[in-house]
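To start, the structure itself, in structure tokens.
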Amino acid sequence: MNRKVLITTILFLIIIPGMTTAFTYNSKEFKHIIGQLDMQGHADHELSTCSVKKIYYDEVVEMLNGGKTEPEIIQSYVDEYGQAALRTPGGGASGWIAWGMPAAGVGIGSVIVGVWLRKLTVRKSESKLERKAAWNSEVEKEIAAKTFDEERRKLF
Numbered sequence: 001m002n003r004k005v006l007i008t009t010i011l012f013l014i015i016i017p018g019m020t021t022a023f024t025y026n027s028k029e030f031k032h033i034i035g036q037l038d039m040q041g042h043a044d045h046e047l048s049t050c051s052v053k054k055i056y057y058d059e060v061v062e063m064l065n066g067g068k069t070e071p072e073i074i075q076s077y078v079d080e081y082g083q084a085a086l087r088t089p090g091g092g093a094s095g096w097i098a099w100g101m102p103a104a105g106v107g108i109g110s111v112i113v114g115v116w117l118r119k120l121t122v123r124k125s126e127s128k129l130e131r132k133a134a135w136n137s138e139v140e141k142e143i144a145a146k147t148f149d150e151e152r153r154k155l156f
């Protein structure tokens, strides 16, 4: 009988603290959830001065103490605010779009800058060719014309 009482007491001592654990701002689970939430752009603000961040912290602690799991809490915020609730986009179709749009923007911008630079260099090279072909004076032009005529007469 004493053995049963001892075993029951030990089980209660092991089980009860786990069941009555209250989550706080310092718990691992809380920090992991808060690290994933953007908090409507207030995630990087100071907790002591930002009322929105305080509300989020209180809601998450309340949900954790109410028995919700991490995926349930994250999903409730995604259901309420969409993918904007998360710091990084999710893995669904909208998440792929959210990751792909910046890459597409950089790619399109690079193409536009490349085309513009190519046009700019072509214009500069054409203007350099035109400057080289231009005569400095009329006298040089007449001398070159006479020289070309003499050379043509020699060959024909």
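Position 82 of the sequence shown, counted from 1, bears residue number 82 in UniProt numbering, the numbering being contiguous throughout. Here a beta-carbon is modelled for each residue, glycine too, at the ideal position from N, C-alpha and C. Computed from a predicted structure; not experimentally measured.
- Cβ-based burial, residue 53 [other Cβ within 10 Å; buried from 16]: buried
- Note down, one range per segment and in chain order, each beta strand (DSSP E) of at least 3 residues found wholly within the UniProt domain "CcmH/CycL/Ccl2/NrfF N-terminal" (58-130). none
- Task: Express the C-alpha separation of residue 108 and residue 115 in angstroms, rounding to a whole number.
- Result: 11 angstroms
- Please find out if some non-hydrogen atom of the ligand FMN comes closer than 6 angstroms to the beta-carbon of residue 71. Of ligands this structure carries none, so the ligand FMN is not represented either.
- Task: Would you be able to state if there are at least three C-beta pairs under 8 angstroms between the stretch 45-52 and the stretch 60-69?
- Result: no
- Measure the C-alpha to C-alpha separation of residue 112 and residue 119 and round it to an integer number of angstroms. Residue 112 and residue 119 have their alpha carbons spaced roughly 11 angstroms apart.
- Item | Assigned secondary structure, residue 37 (DSSP; H/G/I helix, E/B strand, else coil) | Taken through DSSP and simplified to helix, strand or coil, residue 37 comes out as strand.
- Item | Under the three-state DSSP convention, the category residue 144 falls into | helix
- Query: How many whole angstroms separate the CB atoms of residue 37 and residue 86, which I take to be in contact at a CB cut-off of 8 angstroms?
  - Reply: 7 angstroms
- Query: Relative to the alpha-carbon of residue 64, which residue among 147, 154, 141, 24 has its alpha-carbon at the smallest distance?
  - Reply: 24
- Query: Going by Cα to Cα distance, which pick from 97, 40, 61 is closest to residue 80?
  - Reply: 40
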